[in-house]
Amino acid sequence: MLRSARFLNGFLSGTVCSAVAFYFYNRADFKETSSDGQTKIQTKETYLSEVVTLDLETAKQLKGTDILKYGTPDRGSDARLYYNHVLCYDQAKKIPVWVAELITKSDLTGPANRQHSKFKMDPTLDEFFSSHNKDFLGSGWSRGHMAPAGNNKFSQQAMDETFYLTNIVPQDISNNAGFWNKLEIYVRDLTNRFSEVRVISGPLTLPTVKEGSKQFVNYEVIGNNSVTVPTHLFKVVTAENPQQPDSPIAVGAFIVPNQPIQGSAQLTQYQVKLEDLEKTAGVYFLPRLPPSKRVDLCSVDSCQLISQEALELYFIGRKLENAKTVERVDSVWKDLERRHLIPDDYLIDLYKKKRESLSTEP
DNA sequence: CGGCTTTACCGA
DNA sequence: TCGGTAAAGCCG
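Numbering (this note's numbering), first residue to last: 1 to 362.
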């Protein structure tokens, strides 16, 4: 449904007010299931009914003047829809607020190839508020996907859309290729044990500088468009098997510093309580999922990232597959030996076959 | 898988 | 000759 409904962008932005009321209503709804008292619920519902009826027309009549004569100040759509992701974009910071995906196993295989994709401005975003490729080039920061290209192997169009700069944040390149890459691989691997995996990813600018008891937010901006360099990145992961009735929803929240991270680091080091992330991000990430239905992801699954050695062996496998000369194959293999990596039988076989085909073919 | 840099090429 | 794009090559 969402995947072919890009035209709904305009529709959504036109109904933001009712969407807000809708979320309020649902939050009040499951407060009921928590330990909150009845009085508080009534108060919230009373407040809600006022919010719902106070539309712009009513407000205009009460006030007698048209405050918003020249339009409602526009900070952009709450949800921009693409073939395989949904995002909220921050027109001030020039990076997304959050990017949501649903990943199933079938998404992870197919003909799409990132070599055919290019980073470019989102054609559905006003260029006035967009980051540009020039802002990143030479800045020292890489262009990091929030919705990863690798989650869209099933469709070149879906993959191409993840290269829109609305989905990109300035990211430390070592973090991007290393720890963050491992996290993305782990999330993909969840589809082997859960039929539906949902991920919400995004940037944070957290207070880092302290003088005495005072806290300050301090972050770099790059390029002519002053694109925000986030201090941290977050992921909220939900994993479930909805075909099993009444099965719990596994939920994990993680905050990762936007800097190089040691190869031996564990994912659980960066796990946080979802509520803590929500408070600092200013976002309810799962407003329709009652806390009573949640279980800790890292309690029902391993949250074990692949090892640094396994990751580097994987890189070497990809390089061997892409090699176009015998010299390149030998160079890659020599690098493996120099780093004392232990190839498995598959990799050894790949090396032999690749070397043979390249030395006889041309 | 995640990226960047270099080279080749082309039209103004 | 410059600036932009595409393809190839490289690295973690």
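Each residue gets a CB set at the ideal place from its N, CA and C atoms; glycine is no exception.
For clarity, every value in this text was computed on a predicted model and none was experimentally measured.
Among the options, the one whose alpha carbon lies nearest that of residue i
| i | options | result |
| --- | --- | --- |
| GLY76 | ASP66, GLN91 and ARG318 | GLN91 |
| GLY71 | THR325, GLU57 and ALA79 | GLU57 |
| VAL97 | ALA281, ASN113 and ASP246 | ALA281 |
| ALA265 | LEU183, PHE129 and LYS153 | LEU183 |
| GLU321 | ILE222, GLY144, ASP296 and LYS352 | LYS352 |
| LYS105 | PHE128, MET121, THR191 and LEU165 | THR191 |
| LEU274 | GLN262, ARG294 and THR109 | ARG294 |
| ARG143 | GLU101, LEU125 and ILE95 | ILE95 |
| ARG288 | THR238, GLN304, LYS93 and GLY317 | THR238 |
| ASP126 | LEU102, GLN156 and LEU165 | LEU165 |
Beta-carbon proximity check, residue i vs residue j, cutoff 7 Å
| i | j | result |
| --- | --- | --- |
| SER226 | MET146 | no |
| ALA149 | ARG114 | yes |
| ASN258 | THR231 | yes |
| VAL300 | ALA250 | yes |
| ASN175 | PRO260 | yes |
| VAL217 | PRO207 | yes |
| ASN133 | PHE119 | yes |
| LEU108 | ARG193 | no |
| ASN152 | ALA112 | yes |
| LEU358 | VAL326 | yes |
| PRO242 | GLU312 | no |
Classification of residue i by the beta-carbon crowding that lies within 10 angstroms, buried from 16 upward
| i | result |
| --- | --- |
| PRO170 | buried |
| LYS279 | exposed |
| ILE67 | exposed |
| ALA310 | exposed |
| THR162 | buried |
| LYS214 | exposed |
| ALA323 | buried |
| LYS210 | exposed |
| ASN224 | exposed |
| PHE136 | buried |
| ILE173 | exposed |
| ASP276 | exposed |
| LYS334 | exposed |
| TYR346 | exposed |
| GLU168 | In the sequence as displayed, the identity of residue 168 is Ile instead of Glu. Classification of ILE168: buried, given that the 10 Å Cβ count is 16 or more. |
| ILE222 | buried |
| ASP344 | exposed |
| ILE348 | exposed |
Residues that DSSP places opposite residue i in a beta bridge
| i | result |
| --- | --- |
| HIS232 | LEU204 and PRO257 |
| ARG198 | LEU102 and THR238 |
| PRO96 | TYR89 |
| ILE222 | VAL227 |
Enumerated in chain order, which unbroken segments of the beta strand (DSSP E) with a length of 3 residues or greater are wholly contained in the stretch 244-283? 249-257
Runs of 3 residues minimum, wholly inside the stretch 115-190: which ones carry the beta strand (DSSP E) assignment? 142-145 and 168-171
Enumerate, from N- to C-terminal direction, the unbroken alpha helix (DSSP H) stretches of 4 or more residues contained entirely within the stretch 286-349. 297-300, 308-322 and 326-338
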